[in-house]
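The numbers in the sequence shown follow full-length UniProt numbering, run straight up by one, and end at 248.
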Amino acid sequence: MEISESFWNASVEELKRGYVEDSHSYICLLCGEKFEKGIVYPHDKVLFEAERYTRIHIESTHESVFHYMIGLDKKLTGLTDHQNQLLRLFYQGKSDKEVQKEMGIGSANTIRHHRFALKEKERQAKIFLAMMELLKEKDQYAPAFITPHKTARMVDERYDITQEEQEGIVKKFLPEGRLKKFPPKEKQRLAVLMEIATHIEKERMYSEKELNAILEGFYEDYVIIRRYLIEYGFLDREADGSKYWLKK
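Right, here's the structure in full:
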């Protein structure tokens with residue numbers, strides 16, 4: 001549901017492969033699923049050790065690390081819609097001429113220029129990443145900000161909130177696990193909604209009645225909670241409102 005701290009703390013090499021290793025398991029950075037070392041996992045009537053199965057999991061569940069990342073919000077990737085489409089086509093192995101034809105822009109030389117611009121962006125990103133790594137060694141006052149959830153519809157100043165601030169907001173508005181009033185400010189709403197979303201099971205489809213029963217446990221006006229969970233990108237639903245689920 002949310003992008004984990006492990007994802008943000010991973011090295012570039014770990015991000016590329018899509019998983020990290022600890023003493024007991026391999027952990028998918030894209031969804032958090034763990035695969036214990038020493039256990040054999042079956043797939044298509046073949047048995048695989050944990051690390052190999054982790055790679056199979058990424059391919060079968062997420063298609064690829066690239067597809068997962070390219071699907072993230074543009075505020076997280078820094079890509080424009082145009083750049084996003086270009087990268088998707090390049091990843092498919094299409095030539096400049098094929099990309100130009102599919103996108104209907106300029107000429108093959110235009111696509112080559114876009115490749116050059118993306119290469120410049122890569123160089124800038126490497127320098128910026130190195131500077132931020134160096135800064136971590138010196139900036140002892142850097143606050144620990146909350147991690148935006150992957151399915152956030154818009155990552156903006158609402159996410160300018162530290163983990164300590166979030167805990168304080170939850171404690172204030174949900175002192176006994178129930179809202180006394182709906183938070184009036186955007187940051188407060190986000191912190192409360194993030195907490196409520198943790199009580200909705202992953203991989204489960206809820207009827208409207210089932211979801212309402214959960215939300216009513218937090219606030220008598222469960223309709224407004226449901227509406228904001230959808231608006232903030234935590235929940236999705238069928239067009240007719242018959243089914244609800246946590247967005248991935």
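We put the beta carbon where it would ideally sit given N, CA and C, even for glycine.
Below 8 Å, too few C-beta pairs join the region 202-212 and the region 160-168 to call them touching: fewer than three. Rounded to whole angstroms, the separation of the alpha carbons of Lys185 and Ala50 is 45 Å. Around the Cβ of Met131, a 10 Å sphere holds fewer than 16 other Cβ atoms; the residue is exposed.
The C-beta of His113 has fewer than 16 other C-beta atoms within 10 Å across all chains shown, which makes the residue exposed. When DSSP states are grouped into helix, strand and coil, Phe173 belongs to the helix group.
Secondary structure note for Tyr222: its alpha helix (DSSP H) is the uninterrupted segment 222-231.
Sorting Glu120, Lys94, Met194 by C-alpha distance to the C-alpha of Thr147 places Met194 at the top.
Counting along the chain, the unbroken beta strand (DSSP E) around Phe48 starts and ends at 46-48. In this structure, the beta-carbon distance from Lys247 to Ser207 does not fall below 8 Å. Taking the C-beta atoms as reference points, Leu30 is found no nearer than 8 Å to Ala10.
Going by DSSP, Phe35 is part of the beta strand (DSSP E) stretching over 34-36. In the DSSP annotation of this structure, the continuous segment of the beta strand (DSSP E) that includes His43 starts and ends at 41-43. Nearest neighbour of Leu76 by Cα position, chosen from Glu216, Asp156, Pro175, Lys172, turns out to be Asp156. By the CB criterion at 8 Å, Ile200 and Ile225 fall outside the cutoff. Rounded to the nearest angstrom, the gap between the Cα atoms of Lys136 and Leu129 is 11 Å. Between Tyr228 and Arg189 the beta-carbon gap is near 6 Å, inside 8 Å, which marks them as a contact. By the 16-neighbour rule on beta-carbons within 10 angstroms, Thr54 is buried. When DSSP states are grouped into helix, strand and coil, Phe128 belongs to the helix group.
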